[in-house]
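Taking this note's numbering, the leading residue of the sequence shown gets 883, the next gets one more, and so forth.
For reference, the structure discussed in these notes is given below.
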Amino acid sequence: MGGYLRLELGRTFRAPAFLVYSVFLPVVLYLVLTHRGALEGPFATAPHAVALVAVAAYSALGSVLSYGTGVADERASGWLRQLRLTPIHGFTVFAGKAVAAVMLALPPVLVLCAVAATVQHVSLTLTRWAVVVGVLWLGTVPFALLGLGLGYRYRAPGVQWANLLAMAVLGVLGGIAWPMQQLPHWLQAAGRLSPAHGYADLAWGVVSFGAHAVWYDVAVLGGWAALFALFAWTAQRKAAPYLPTPPRIR
């Protein structure tokens, strides 16, 4: 799977659009938010750190969801079906794409953390920085699986609209794109069950030094990851009917 994963990552990281939309624009947004002091709420004691989590979470979420657009393009071109005719097992292709999607979240997270530390002087211990990066990166697993499922399920441009809708719903319900305290109470209750809230809440708990429901957030993320994994696996099976893997040529 290593060779296939390198192929997937190399193709994506070399795309100028990835660097612009997933790295450059989030940095600009973070600097604008922290310059204006736009964030308020229960984490107002550390607004720059809170903005870091909000922007990094949203950009990482968008990066992994957008991977599904490439999957939809591969379906349209017939590439996914061609892969079924190679010695690469179907599960290897699926797992490779899932890992590649998660890897897309790492560059924006690392760059934003570096900007927060050097430009906005966000002060955390080395351990807390490592935990924040780990949570913001690995916490994207459910969203990567959702993006894969959407890519296998819909064709372009339908998958792009599905991604935008998912971004909007997850961003609002998770309290990332809109302060959760300003939502109706019933929507706040629904938001606490969303994967985006568990994802961001874990990272906010690290930077705010506050007591958070860590195990609850982990359970919510894990449950949604299992659900989205089932959705993605089922969608890819329907998108490219299973063909037996040919024997390897020795």
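Note that the Cβ used here is the ideal one computed from N, Cα and C, for glycine as well.
As the structure is a prediction and not an experimental result, all values here were calculated from the model.
Query: Contact belief for Val1017 with Leu1006 at Cβ below 8 angstroms, rounded distance in angstroms; Result: With 8 angstroms as the limit, Val1017 and Leu1006 do not qualify as a contact, their Cβ atoms being about 13 angstroms apart.
Query: Asp1099 - DSSP class collapsed to helix/strand/coil; Result: helix
Query: Secondary structure of Leu1065, DSSP reduced to three states; Result: coil
Query: Cβ neighbour criterion (16 or more within 10 Å) applied to Ser945; Result: buried
Query: C-beta atoms of Tyr912 and Val937 nearer than 8 angstroms; Result: yes
Query: Reference Gly1104; option with closest CA among Val914, Leu1027, Phe906, Val997; Result: Leu1027
Query: Boundaries of the alpha helix (DSSP H) in which His930 is found, first to last residue; Result: 929 to 959
Query: Check whether Leu1082 and Ile1058 have beta carbons under 8 angstroms apart; Result: Reading off the sequence shown, one finds Ala at residue 1082, where the question assumed Leu. Yes, the Cβ-Cβ distance between Ala1082 and Ile1058 is below 8 angstroms.
Query: Whole-angstrom C-beta distance between Leu947 and Ala1101, which should lie under 8 angstroms; Result: About 22 angstroms separates the two Cβ atoms, so there is no contact after all.
Query: Proximity of Pro1077 and Trp1106 at Cβ, strictly below 8 angstroms; Result: yes
Query: Cβ-Cβ distance between Pro908 and Ser959 below 8 angstroms; Result: no
Query: Tyr903 beta carbon less than 8 angstroms from that of Ala954; Result: no
Query: Inside the region 960 to 1027 only - alpha helix (DSSP H) runs reaching at least 4 residues; Result: 961 to 965, 972 to 985, 988 to 1000, 1008 to 1020
Query: As assigned by DSSP and simplified to three states, the class of Leu1075; Result: coil
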